[in-house]
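What follows is a set of notes on a single structure, which appears directly below.
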Amino acid sequence: MKILIVEDDRRISEFLQKGLQETGHFVQLAHDGVEARNFIQNDCWDLFILDIMVPGIDGIQLAELIRFRKIDTPVLMFSALGEAEDKIKALDIGADDYLVKPVHFPELLSRINALRRRYELHYSNEHILVCGDLRVDIDSNVVERAGKDIVLSAKEFKFLGYLLENQGKIVTRTQILQVVWGANTDTYTNVVDVYISYLRNKIDHNFDEKLIRTVKGRGYMIAAQK
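Once you know that position 37 of the sequence shown is 347 in the numbering used here, the rest is easy, because the numbers rise by one and skip nothing.
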């Protein structure tokens, strides 16, 4: 697994890095929240291990960023804070597991393996996205509507996938820009409007039911009639 560990105590982070690398994992360390944010935004990871109390941007804020960007990679948080409310807060904002320091390596390894199994099981069952008569295979990049093949560019496919992952929910232009084009994209660009037009021409053109909808003043959504 490709793991990002965010921990400001270098003694702890280097101990965890050494142990995980010896068990076959690739491990990148970040010692503050700003450095971690850059790694999160600019690379893909199989697991995030976040200490809550790191300088710059704390672990809770980093977990919120991960989930806001619709990154569903497992998040394991750990902290010296062992009160029930601390654990509840971390789990409520999207963490998948929580460990209290001091971290015992065999337990950490067991938790990581459990998260990996859960994640792999989830995705083995959810590689097909369906909305009405629209069917998208996210593994093979195959898109069909009413049995007819639809060819999309890589960016169109990513955009459509994001809409389908949030089927029935409104997604804002800002959310679309950050997820599909990246956090540093100019928010004043009209690229979202251009690609919505592209998708409508390919997904909705020549079909009576229009799946892609504009919610005036709020954003876009995809949904089939019930």
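In this text, a Cβ means the ideal position worked out from N, Cα and C, and glycines have one as well.
Own chain, CB closer than 7 Å to Leu444, minus 5 neighbours either side, in chain order:
Sequence index remark: in the sequence shown, residue 444 carries index 134 (1-based). Result list for Leu444: Arg455, Ile513 and Leu521, in chain order.
For the alpha helix (DSSP H) containing Tyr508, list its first residue and its last residue.
By 1-based counting over the sequence shown, the position of residue 508 is 198. Residues Val501 to Leu509.
Bridge partners of Leu620, per DSSP?
Lying before the first or after the last residue shown, residue 620 is absent from the chain, which here runs from 311 to 536.
Terminal residues of the alpha helix (DSSP H) in which Gln331 lies:
Position 21 of the sequence shown, counting from 1, holds the residue named residue 331. Arg320 to Glu332 is the span of the alpha helix (DSSP H), which, as asked, contains Gln331.
Which residues mark the beginning and the end of the beta strand (DSSP E) in which Ile376 is found?
In the sequence shown, residue 376 corresponds to position 66, counting from 1. Here Ile376 belongs to no beta strand (DSSP E); instead the alpha helix (DSSP H) covers Gly369 to Phe378.
When the Cβ atoms of the segment 472 to 487 are set against those of the segment 514 to 534, are three or more pairs found closer than 8 Å?
yes
Do you know whose CA, among Asp449, Leu357 and Ile370, lies nearest Pro384's CA?
Taking the first residue of the sequence shown as position 1, residue 384 is located at position 74. Distances from the CA of Pro384 to each of Asp449, Leu357 and Ile370 were compared; the closest alpha carbon is that of Leu357.
Sequence-distant residues of the same chain with beta carbon closer than 8 Å to Glu417, five excluded per side
Residue 417 sits at position 107 when you count from the first residue of the sequence shown. Closer than 8 Å at the Cβ level, and outside the excluded window around Glu417, lie Leu409.
Within 10 Å of its beta-carbon, does Cys354 have 16 or more other beta-carbons around it, so buried, or fewer, so exposed?
The count along the sequence shown starts at 1 and reaches residue 354 at position 44. That one is exposed.
Nearest residue (CA-CA) to Met387, options His341, Asn500, Leu462 and Ile315:
As a working mapping, residue 387 is identified with position 77 in the sequence shown. Out of His341, Asn500, Leu462 and Ile315, Ile315 has the C-alpha closest to the C-alpha of Met387.
Sheet register partners of Ala340 (DSSP bridge):
Here residue 340 is taken as the residue at index 30 of the sequence shown, counted from 1. Bridge partners of Ala340: Val316.
Backbone secondary structure at Glu345 - three-state DSSP:
Locating residue 345 in the sequence shown gives position 35, where the first residue counts as 1. Here DSSP, grouped into helix, strand and coil, assigns Glu345 to helix.
Since Ile532 sits in a beta bridge, which residues does DSSP pair it with?
One-based indexing of the sequence shown puts residue 532 at position 222. Ile532 is bridged to Ile522.
By alpha-carbon positions, which one of Gln535, Thr495 and Gln485 ends up nearest to Phe620?
In the structure as shown, the chain starts at 311 and stops at 536, and residue 620 therefore has no counterpart that could be examined.
In the DSSP assignment, the alpha helix (DSSP H) including Glu466 goes from what residue to what residue?
What you label residue 466 is simply residue 156 of the sequence shown in a count that begins at 1. Element bounds for Glu466: Ala464 to Glu475.
Could you pull out every residue in the same chain whose Cβ sits closer than 6 Å to the Cβ of Ala346, ignoring the five residues on either side in sequence?
For the purposes of this step, residue 346 is taken as the residue at position 36 of the sequence shown. Hits under 6 Å: Val316, Ala340 and Leu372.
Residues in the same chain with beta-carbon distance under 8 Å from Val413, minus the five sequence neighbours each way, listed in chain order, please.
Within the sequence shown, the letter at position 103 stands for residue 413. Closer than 8 Å at the Cβ level, and outside the excluded window around Val413, lie Ile322, Leu326 and Phe388.
For Val489, which of helix, strand or coil comes out of DSSP?
Translated into the one-based positions of the sequence shown, residue 489 becomes position 179. In the structure shown, Val489 sits in a helix (DSSP, three-state: H, G or I).
In or out: Tyr505 buried (at least 16 other Cβ within 10 Å) or exposed?
Residue 505 sits at position 195 when you count from the first residue of the sequence shown. Under this definition Tyr505 is a buried residue.
If you compare alpha carbons, which of Ala400, Tyr498, Ser420 and Leu474 is closest to Ala534?
Position 224 of the sequence shown, counting from 1, holds the residue named residue 534. Checked all of Ala400, Tyr498, Ser420 and Leu474; the closest Cα to Ala534 is Leu474.
Which value, in whole angstroms, describes the spacing of the CA atoms of Gln331 and Ile362?
For the purposes of this step, residue 331 is identified with residue 21 of the sequence shown, where counting begins at 1. For the purposes of this step, residue 362 is identified with residue 52 of the sequence shown, where counting begins at 1. For Gln331 and Ile362, the distance between alpha carbons rounds to 23 Å.
What are the boundary residues of the beta strand (DSSP E) that includes Ile362?
Working through the sequence shown from its first residue, we reach residue 362 at position 52. Run containing Ile362: none; DSSP gives neither H nor E here.
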